[in-house]
Structure formats: C-alpha cells, structure tokens
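For reference, the structure is listed below as structure tokens.
There are 2 protein chains.
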Amino acid sequence: MEKTNYHHGSLKEEMIEKGLVLINNEGLKGFSLRKVAAMCGVSHTAPYKHFKNKEELMEAISDRVLQSFGECLREAVGKGKGSPFGMAEAGKAYVKFMLEHREYFRFIFFSECKVTVELKEGRFIYKSGNPFEVFDIAATKYLQQFIEDRQKINLFILSMWSIVHGISTLISNESFKYDGDYEALIERMLTLEVK
Amino acid sequence: MEKTNYHHGSLKEEMIEKGLVLINNEGLKGFSLRKVAAMCGVSHTAPYKHFKNKEELMEAISDRVLQSFGECLREAVGKGKGSPFGMAEAGKAYVKFMLEHREYFRFIFFSECKVTVELKEGRFIYKSGNPFEVFDIAATKYLQQFIEDRQKINLFILSMWSIVHGISTLISNESFKYDGDYEALIERMLTLEVK
DNA sequence: CATCGTATGTTTACAATGTCAACATACTTG
DNA sequence: CAAGTATGTTGACATTGTAAACATACGATG
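As they're listed, the protein sequences go chains Z and L. All you need for the numbering used here is the position in the first sequence, starting with 1, plus 45. All you need for the numbering used here is the position in the second sequence, starting with 1, plus 45.
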C-alpha cells in the first residue's frame, strides 16, 4: 500500500520493532538511534518526529518489553493455583524470562530504567504492569494464608524480588556462570529460601 | 618536582584517581576518557600511552574500587566473630558499601564488569579480591558449623549474594525506593531470610 | 476540487566522544 | 654525549545524538 516512500506510514511502530531486533543482534552497546533509523530505511533524524530523543525511544522499547515480561509473569503465577509456592513460581518465571531474553532484560534494567517501586508508609507503590507486580499478586494470593503480619509479608516480597533480580542481573551480566542447568539451580535456590 | 609540564610523571595513577572523582561527580553517563584526560591537564590521547583503550582505563578504575569494596567486606566479616550470622554481616556490608558509594557500585557492575564467579563441578571459582569472596569466607567460617551438605551451602551462599546484589542493584538503579532507613530494612530482610 | 496548514521526512551542520597516525619532547642508558 | 624509548601533542576521522532549515504529502476546509 506504500508507494510513495517519502512518508513511511508507521515509523513510530517500526522504530520500536526494529529497535527490538537491534537489541537482540547487537545488545545494549550496539544500540543506537541512527542504526534503528537506518533499519527502517529512513534518515537519521526522522525518528525525532516521533520521539523527543533517544531516551524516549528507549523508553518506548522498554515499555514493549515490559509488557511481554509482565504477561509471562502473570501467566506463570496464574498456573500455580493455590500452591503455597506461588511466590517461587513467580520468581522462577522472572529468571526464566531473563534466560530466554537476556538482551531485553539487560536493556530494561541497565539502560534508562523505568521500573520503579516505592515502599512508602508500609505499602508498595508501583504502576500496573511493573514486573514487580507479580510478587505482590502472588503474595496476596498465597502468602496471606500463612502470614498475617503485613510488614513481614512486605519483607518477604522484597526479598523474593531481590533474590531473583539479583541472580538474573548476575547471570545476564555474565558475572555468574554455572556449568549446569540454570533453571534447576534457581528452583533449588528458591525452594531453599522458602523452605 | 614537576617543572617541565611536558611529561606528566604519573599520569596512569592520576587518570585512575581523577576517574574516580569524575564518576562521583557525573556518574556513569558522564564518564568519558577525554574528560578524565582534561582533568589531568593532558591531551585527550595521552592516556593511550598507559591504557590500550577506554575499557582498559575503566577496568583499572574498577580494580581500584573493587579493592576498597573487598576491604570493607573482609573487615565486616572479620568483626562478627563466631556469630552464626556471619553471612548476614557480610550481606549488610555489601549493601552498605553500595549505599555509601552508589556511583562506584554502579560503575563496577553496570559498565564492563570484571566481577566473575563460576560455579563449576560443585565449587565456586573466582579471583581473590572478588567481592563474592566474602560470602565464601563467611560460609566456611560459620555456616559449616550448621550445615554439612556442601551443595546446600553453595545454594545458601549464592542466595545470599543474589539477595544483597539484587537489592543493591535495585536501589542504586533507583528502581526501588524506601521512605525509611535502608540499612534497617536490609537488616530485617537478611535476618528474615536466615531465620 | 483546489488550497493551505500540518504532520512527517530530508539535508546539513555541529559538538562530544573514542581512536589512530604522525610528530615532538624529554628521560635513560650505554 | 648520543641514541633509543617512553610519554605527550596535534590533527584527523568515524560514530553518535541533536538541532535548524527545508521539502513533501496528507487531510481538512472553503
């Protein structure tokens, strides 16, 4: 349908899609606005009609990744119905996403990061869709059956997030390497913690 | 002693020192080889006589940071003599270092990272001085008294590293914020986990 | 339907950065 | 002292982000 070539038609969307491809191929370091523009067959300043600057493009891409990240997590927790280890399921899904999409994981957390959670006056504050959400959900769904102390639950949630985010960060950063199956290792780590 | 100005005398060392200053002042994003060179009052290519490239300079700076990081950790674990919570002490020290040197922490882990640990054939492999070392030390010092299963100890060590690295990463990255005292929060998180 | 304003692209230019090559200076060692 | 080497400088270039000025096409309006 596009003959005229001058107006691209859906550059904003394609910038995001090609951006995802570039991240996959060249990682965080290789990512540049000009490369993405070139991949879209467009001049290097065209993107500025759709994004204020590079950071805004990166945020748009991050949002896209975070969306599918969130979907993976919600689905994983949805499966484990009533199991007391709903938290562990959430944690495993978190790490699994990183294992299957290392560059995406690095991108959302190692570049300008939009994932923000606040613990304020004893309550977690975050935007819906934030990957953290899955732990909060799992906690309300399972953990409250065993623990009533709200503060203790918060600590547990935060610990779970920390541990899975920690190991994910270490692995995706190549700071930690393992000669076995990562998922099995995580499984053991998490059930050890939950005991 | 330096009159002649042409030969700096100790540029390599000063590049590292001024690099640390720059990281403190402008963080990871503001760090550039040319800026550090300028801070040393030297042309922008002079550093290439001492460092192969920017990355090598960053590694030298990282090494310097890792050294003081390691000292903090070893000291912290050294203090808690015989306490079963030696691991928690190590963990608290890890996070404390991040809290007191956020930009350094970000630098060593978010740029070209030299911190590498391998779990191979049931044993941790890492270079001496690696911040991970403190957990291994604490484990041999305290944990072995309570747990004999080597694999379980490994999982515990890895979990401890993950949780403190995770929360450190989240905080230094501003992904997690808390309206109270961070150190107290960590304390509660770790003792909750150790239980 | 013609026109004009606006959305969307292009060209050109510039500054910051990493890096290389050619050259300059000073230290050191025989 | 002379020569060679270590250390600095100058100048150049490619890559990148970004801004300004200009070009084109789409769509609403008369």
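Note that beta-carbon positions come from the ideal geometry of N, C-alpha and C, so glycine has one too.
Exercise for the section: Spell out a yes or no on whether the region 131-148 of chain L and the region 84-97 of chain L are touching, meaning 3 or more CB-CB pairs, one atom from each, closer than 8 Å. Expected result: no
Practice task
Determine the direct distance from the alpha carbon of E145(Z) to that of E47(L), and round the result to whole angstroms.
Solution key: Because the pLDDT of E47(L) is 39, which lies under 50, any placement of that residue in the model is unreliable, and the number read from its coordinates should be weighed accordingly. If you take the alpha carbons of E47(L) and E145(Z), they lie about 56 Å apart.
Practice task
Can you pull the chain L residues whose beta carbon is under 8 Å from the beta carbon of N218(Z), in chain order?
Solution key: F154 and C158
Problem - Residue ranges of each alpha helix (DSSP H) within the region 173-240 of chain Z, 4 or longer - result: With a minimum length of 4 residues, the unbroken runs of alpha helix (DSSP H) contained wholly in the region 173-240 of chain Z fall at 178-186, 195-217 and 227-239.
Handout entry: At least three beta-carbon pairs within less than 8 Å, the region 61-72 of chain Z to the region 101-108 of chain Z
Key = yes
Exercise for the section: Quickly, what does DSSP pair F169(L) with across the bridge? List them, please. Expected result: According to the DSSP secondary-structure assignment, F169(L) is paired through a beta bridge with L164(L).
Exercise for the section: Determine the contact status of E163(L) and I170(L), defining contact as a CB-CB distance below 8 Å. Expected result: yes
Practice task
Identify whether N70(L) lies in helix, strand or coil by the three-state DSSP scheme.
Solution key: helix
Exercise for the section: Determine the DSSP secondary structure at C117(L), reduced to helix, strand or coil. Expected result: Reduced to three states, the DSSP call for C117(L) is helix.
Practice task
Identify whether E43(L) lies in helix, strand or coil by the three-state DSSP scheme.
Solution key: The first residue shown for chain L is 46 and the last is 240, placing residue 43(L) beyond what the model contains.
Problem - Outcome for I231(Z) when other beta-carbon atoms lying within 10 angstroms are tallied against a minimum of 16 - result: With 16 or more other Cβ atoms within 10 Å, it is buried.
Problem - Proximity to S27(L) [Cα-Cα], best of K80(L), H95(L), L78(L) and S77(L) - result: Residue 27(L) is absent from the model: chain L starts at 46 and stops at 240.
Practice task
For the alpha helix (DSSP H) containing K141(Z), list its first residue and its last residue.
Solution key: K141(Z): member of the alpha helix (DSSP H) spanning G131 to E145, first to last residue.
Practice task
Report the residue from E193(Z), T161(Z) and T185(Z) whose alpha carbon sits nearest the alpha carbon of K222(L).
Solution key: T161(Z)
Exercise for the section: Identify which residue in I216(Z), V81(Z) and I192(Z) has its Cα closest to the Cα of L203(L). Expected result: I216(Z)
Exercise for the section: Take K80(Z) and list the residues in its own chain whose beta-carbon comes closer than 7 Å to its own, dropping the five residues that flank it on each side. Expected result: L67
Practice task
Enumerate in chain order the residues of its own chain whose CB-to-CB distance from G72(Z) is below 6 Å, with the five nearest sequence positions on each side excluded.
Solution key: E148
Exercise for the section: Would you tell me roughly how many angstroms separate the C-alpha atoms of K172(L) and E120(Z), rounded to the nearest one? Expected result: 40 Å
Handout entry: I166(Z) vs D224(L) beta-carbon contact at 8 Å
Key = Rather than Ile, the amino acid found at residue 166(Z) in this sequence is Glu. Contact: yes.
Practice task
Apply the 10 Å Cβ neighbour rule to F152(Z) and answer buried if 16 or more other Cβ atoms are within range, or exposed otherwise.
Solution key: buried
Practice task
Determine, using beta carbons only, whether M131(Z) and G211(L) come nearer to each other than 8 Å.
Solution key: The sequence as given places Gly at residue 131(Z); Met does not occur at that position. Result no, Cβ atoms of G131(Z) and G211(L) do not sit closer than 8 Å.
Exercise for the section: Identify whether K94(L) lies in helix, strand or coil by the three-state DSSP scheme. Expected result: helix
Exercise for the section: Output the boundary residues of the alpha helix (DSSP H) element that contains V81(L). Expected result: Where V81(L) is concerned, the enclosing alpha helix (DSSP H) stretches over L78 to M84.
Practice task
Could you list which residues in chain L have their beta carbon closer than 7 Å to that of L203(Z), in chain order?
Solution key: M234
Exercise for the section: Go ahead and pull the three-state DSSP assignment for V87(L). Expected result: coil
Exercise for the section: Quick one: grab the DSSP three-state call for G54(Z). Expected result: coil
Practice task
Taking H146(Z) as the query, report the chain L residues whose CB atoms sit under 8 Å from its CB, ordered along the chain.
Solution key: Simply none; closest approach about 18 Å.
Handout entry: Any chain Z beta carbon closer than 8 Å to I212(L)
Key = It does; some Cβ of chain Z falls within 8 Å.
Practice task
Let me know if D194(L) comes out buried or exposed under the rule of 16 or more other beta-carbons within 10 Å of its beta-carbon.
Solution key: exposed
Practice task
Measuring only between beta-carbons, confirm whether E163(Z) sits less than 8 Å from chain L.
Solution key: Taking Cβ atoms only, chain L reaches closer than 8 Å to E163(Z), which makes this a yes.
Problem - Proximity to C158(Z) [Cα-Cα], best of T90(L), S220(L) and Y93(L) - result: S220(L)
Practice task
Determine, using beta carbons only, whether K26(Z) comes closer than 8 Å to chain L.
Solution key: A query on residue 26(Z) cannot be resolved here, the shown segment of chain Z reaching from 46 to 240 and no further.
Handout entry: Spatial distance of T236(Z) from T185(Z) (CA atoms)
Key = 19 Å
Problem - M143(Z) to Y93(Z) span [Cα, whole Å] - result: 31 Å
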